[in-house]
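**Student:**
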Amino acid sequence: MQYDLLIHNIGQLILPKETTRPLKGEEMKQLNVKENAALAVKDGKIAWIGTNVEANHLQTKESFDAQQKVVSPGLVDPHTHLVFGGSREKELALKQAGVPYLEILANGGGILSTVEATRKATEEELYEKASFHLKRILSYGVTTLEAKSGYGLDPETELKQLKVVKKLNENYPISIISTFLGPHAIPPTYKGKETDFLEEMVQLLDTVSEEKLGEFADIFCETGVFTTEQSEYFLQKAKEKGFGLKIHADEIDSLGGTELAVKLGATSADHLVAASDEAITMLSNSNTVAVLLPGTTFYLGKDSYARARKMIDEGVAVALATDFNPGSCVTENLQFIMSLAALKLRMTPEEVWNAVTVNAAFAIGKGEEAGTLTIGQHANFVLWDIPNYMYLPYHFGVNHTNSVYVNGKKVWGRNDHV
Ligand code: NIG
Ligand code: FE
């Protein structure tokens, strides 16, 4: 057989385990790292993996010397708020003055100020702005990501955001999974009529589903936003309508959103900084992935982070994400999140790599398509300018990507973007 592309002389090839469910607890410590390896691509798919010596016998149209670099699957970022209008740098001064995140929101700022800017922006403007962020996300080695709506809080703007996500997915090499987060905050016009608003969002699920604009439904379950009961009502409706479930749970206060996620069989429960001991036990007995967002804790200036060690030690499947958004975590850099996970969540390098590849893919229901380098799977991989896989979380705050390949084609290269 003649291959299309051979990447040879790979110093370390990171091969997360091929699995039919997310890696849980102890399993997250296993990471197959193949030294002096090579991989071959045919028709945009991974077609062969072996040693560098074995690769000498292969016939290929094109061949590339990795010069002992590290190669991994394309990273997966399973929680972002990619599409939004405006920015919120003015809130930084409020944060410095000690005004809590939920108080800024309660006073009509925070999410609600982004809602205003997103409602004002045209679809084209949102597309241009999100494209800019998306290209940066790709440069950090991410080839699959999730993007949420939630800055419209009305049918017109929510659909506008979701259409932008759809168009970005069609036009860019990154594969984007779309989530409807209509119940992200309560619009000021619905104060005291929260149930009416929730009902409107439940109705909107039908349009989102008919127009194939979202695979998942999500809700912000938090003090002053949506209660656990309201979250259950919305997510149950979404489940009946065929959506996969996600939830912003226990981010600031422990309300029981994590327990609800397990009860409803959610694909993921996200944030979990304040998740209770019982919630962690429940998670460990389920396949709901705990998506941890240490960048948000860092940016909100909190001292206590999600209890990743306890979760992993008790058998939970943990994934990591940026939570990229204009208010609580303003970074596209998943590599920085990997460093925070090592430093603040005390996750090992092996756990960190599994959390941004295989487990991140399961957190968005794409475990069989992304997050590993499996024969027959899309040839989405990254060459890294690092001497070994442990180096990445250690050297923080910079971009270690050398080049990014999607379907066997180079879509980003450091030397193409000096
Ligand atoms: O995941 N917590 C709710 N939603 C986002 C923040 C959105 C914003 O502040 O604009 C989050 O942190
Ligand atoms: Fe979020």
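Okay, so the sequence shown: first residue is 52 according to my numbering, each after it adds one.
No residue lacks a Cβ here, since even glycine has one placed at the ideal position from N, Cα and C.
Within this structure, are the beta carbons of HIS322 and GLN386 separated by less than 9 Å?
**Tutor:** No, the pair does not count as a contact, with Cβ atoms beyond the cut-off.
**Student:** Can you give the beta carbon distance from PRO470 to ALA392, rounded, assuming they're within the 8 Å contact cut?
**Tutor:** Shown here, the chain extends from 52 to 469; a query on residue 470 therefore has no answer.
**Student:** When you compare the CB positions of THR230 and PHE267, do they come within less than 9 Å of one another, or not?
**Tutor:** Yes, the pair counts as a contact, with Cβ atoms nearer than the cut-off.
**Student:** Across which residues does DSSP place GLY101 in a beta bridge pair?
**Tutor:** Answer is ALA89, bridged to GLY101.
**Student:** Roughly how many whole angstroms lie between the Cα atoms of TYR202 and LYS141?
**Tutor:** Cα-Cα distance, rounded: 18 Å.
**Student:** Return the residue from the list GLU207, LEU334, SER390 and TYR456 that minimises the CA-CA distance to LEU73.
**Tutor:** Before going on, a small fix: residue 73 reads as Pro here, not Leu. For the residues GLU207, LEU334, SER390 and TYR456, the minimum Cα distance to PRO73 belongs to LEU334.
**Student:** Out of ALA430, SER319 and SER282, which has the shortest C-alpha to C-alpha gap to PRO129?
**Tutor:** Closest by alpha carbon: SER319.
**Student:** Beta strand (DSSP E) containing GLN63: first to last residue?
**Tutor:** From DSSP, the beta strand (DSSP E) with GLN63 extends over 53-66.
**Student:** Have a look at the DSSP bridge pairing and note the partners of GLY295.
**Tutor:** Answer is PHE267, bridged to GLY295.
**Student:** Pairs of beta-carbons, one from the stretch 249-266 and one from the stretch 205-225, closer than 8 Å: are there three or more?
**Tutor:** Flag = yes, the stretch 249-266 and the stretch 205-225 touch.
**Student:** Is HIS132 near the ligand FE, judged by its Cβ being under 8 Å from some heavy atom?
**Tutor:** HIS132: yes, Cβ under 8 Å from the ligand FE.
**Student:** Identify, in the order they occur along the chain, each residue of the same chain with its Cβ nearer than 6 Å to the Cβ of ARG170, setting aside the five sequence neighbours on each side.
**Tutor:** Correct list, in chain order: THR208.
**Student:** With which residues is SER319 paired in a DSSP beta bridge?
**Tutor:** Paired residues: VAL340.
**Student:** With DSSP as the reference, label ASN222 as helix, strand or coil.
**Tutor:** DSSP places ASN222 in helix when its eight states are reduced to three.
**Student:** Does the separation of the CB atoms of ILE97 and ALA88 fall below 9 Å?
**Tutor:** Result no, Cβ atoms of ILE97 and ALA88 do not sit closer than 9 Å.
**Student:** Bridge partners of ALA198, per DSSP?
**Tutor:** DSSP lists SER229 as partners of ALA198.
**Student:** Anyone know if the C-beta pair for GLY470 and GLY308 falls short of 9 Å?
**Tutor:** Residue 470 lies beyond the residue range present for the chain, which begins at 52 and ends at 469; the question has no answer from this structure.
**Student:** Quick test of your reading: LEU189 and VAL381, contact by CB under 8 Å. State the CB separation rounded to the nearest angstrom.
**Tutor:** Rounded, the Cβ-Cβ distance is 18 Å, inconsistent with contact.
**Student:** Tell me the rounded alpha-carbon separation between TYR442 and ILE65.
**Tutor:** Approximately 13 Å, taken between the alpha carbons.
**Student:** Taking C-beta to C-beta, are GLY9 and VAL407 nearer than 9 Å?
**Tutor:** Examination of residue 9 is not possible in this model, given that the chain is present from 52 through 469 alone.
**Student:** Within 10 angstroms of its Cβ, does THR240 collect 16 or more other Cβ (buried), or is it exposed?
**Tutor:** Flag for THR240 reads exposed.
**Student:** Can you list, in chain order, every residue whose CB sits closer than 6 Å to a heavy atom of the ligand NIG?
**Tutor:** Result (chain order): HIS132, GLY161, ILE162, THR165, PHE271, HIS299, GLU302, THR347, ASP374, ASN376, PRO377, GLY378 and SER379.
**Student:** Assuming LEU396 is part of the beta strand (DSSP E), what are its boundary residues?
**Tutor:** Element bounds for LEU396: n/a, residue is neither H nor E.
**Student:** What are the boundary residues of the alpha helix (DSSP H) that includes THR111?
**Tutor:** From DSSP, THR111 is part of no alpha helix (DSSP H) but of the beta strand (DSSP E) over 110-116.
**Student:** Starting from the C-beta of LYS290, find all residues in its chain whose C-beta is less than 7 Å away, skip the five residues before and the five after it, and write them out in chain order.
**Tutor:** Closer than 7 Å at the Cβ level, and outside the excluded window around LYS290, lie LEU296 and LEU315.
**Student:** Find the nearest neighbour of GLN118 within the set GLU167, LEU133 and GLY62, judged by alpha-carbon distance.
**Tutor:** With distances taken between Cα atoms, GLN118 lies closest to GLY62.
**Student:** Going straight from the alpha carbon of VAL457 to that of ASN336, what length do you get?
**Tutor:** Their Cα atoms are separated by approximately 35 Å.
**Student:** Under the three-state reduction of DSSP, which class applies to LYS75: helix, strand or coil?
**Tutor:** Note: LYS75 maps to coil in three-state DSSP.
**Student:** Do you know offhand how far ILE363's Cα is from GLU402's?
**Tutor:** Near 9 Å, if we compare the C-alpha coordinates of GLU402 and ILE363.
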